[in-house]
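Residue numbers (our numbering), protein chains in the order written: chain A, 1 to 112; chain B, 1001 to 1111.
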């Protein structure tokens, strides 16, 4: 089944403790992206990648890092999480120029 | 910054009625337009895409695009309670792959 897999689905952590949210797709998509979704603010792009070793900032990159060492994986790293990073996070992928994105199931992160 | 505007709602319609969802966008160079449906706590699901002016129909859904007015809409005919969700409008620019999303319109279909 074609899908984007995110882990974990839920995570509660403490301020300053480094964490990684994994994202993997099995569709051989070149493009991958991370979004966060907050009430009243909609989906905002954090980082995106056009291909292996090619990443770029979205609209809200502060406090996040990404890497794209393999085509299928695009992890999101929070080096020192803060409470304002409490949010619902989605990973998405597509072909270049493709018809919309395929989204992962989401990761609900709470930083206390 | 590309802006995509939607009325946040909530929009309530009775079962069997037509629900009309609207979206405007700021970037005149935008080329591709999408409607996603998102149930509470779930991921967005693509339901319609439209690229040229006019109407595009798929089952009970019709997307309408007017590039001159920078306006895109989604009509849902014979609305069902299962259509109750948040509908996200998304826009992609020419030669780009990034999607810009509106904040969504929450639709409630009343049985």
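Where is the CB? At the ideal position from N, CA and C, for every residue including glycine.
Original post:
Beta-carbon separation of residue 1032(B) and residue 1043(B) under 8 Å?
Top reply: no
Subject >> Inter-residue Cα distance where the pair is residue 53(A) and residue 68(A) >> reply: 5 Å
Original post:
Do residue 1030(B) and residue 1104(B) come within 8 Å of each other at the CB atom, strictly closer than that value?
Top reply: no
**OP:** Thinking residue 87(A) and residue 36(A) are a contact (beta carbons under 8 Å), I'd like their distance in whole angstroms, please.
**Re:** 4 Å
Original post:
Would you say residue 1104(B) faces chain A, with C-beta separation under 8 Å as the test?
Top reply: yes
Subject >> Nearest-angstrom Cβ-Cβ length linking residue 1021(B) and residue 1074(B), presumed shorter than 8 Å >> reply: 4 Å
**OP:** Output the residue ranges of the beta strand (DSSP E) runs that lie fully inside the region 1002–1075 of chain B and measure 3 residues or longer, sorted by chain position.
**Re:** 1004–1006, 1011–1014, 1019–1025, 1030–1038, 1045–1050, 1054–1058, 1061–1066
Original post:
Roughly how many angstroms separate the alpha carbons of residue 84(A) and residue 111(A), rounded to a whole number?
Top reply: 8 Å
Original post:
Given that a residue counts as buried once 16 or more other Cβ atoms are within 10 Å of its Cβ, and exposed if not, what is residue 107(A)?
Top reply: buried
**OP:** Identify each residue in the region 1042–1075 of chain B for which the Cβ-Cβ distance to at least one residue of chain A is less than 7 Å, and report them in chain order.
**Re:** 1043, 1044, 1046, 1049
Subject >> For residue 1081(B), the nearest candidate out of 1052(B), 1041(B), 1111(B) (CA to CA) >> reply: 1111(B)
Original post:
Does the region 22–31 of chain A come close enough to the region 71–78 of chain A that 3 or more CB-CB pairs lie under 8 Å?
Top reply: yes
Subject >> Simplified DSSP assignment, three categories, for residue 7(A) >> reply: strand
Subject >> Closer than 8 Å at the beta carbon, the chain B residues around residue 50(A) >> reply: 1097
Subject >> Opening and closing residue of the beta strand (DSSP E) in which residue 1093(B) lies >> reply: 1085–1093
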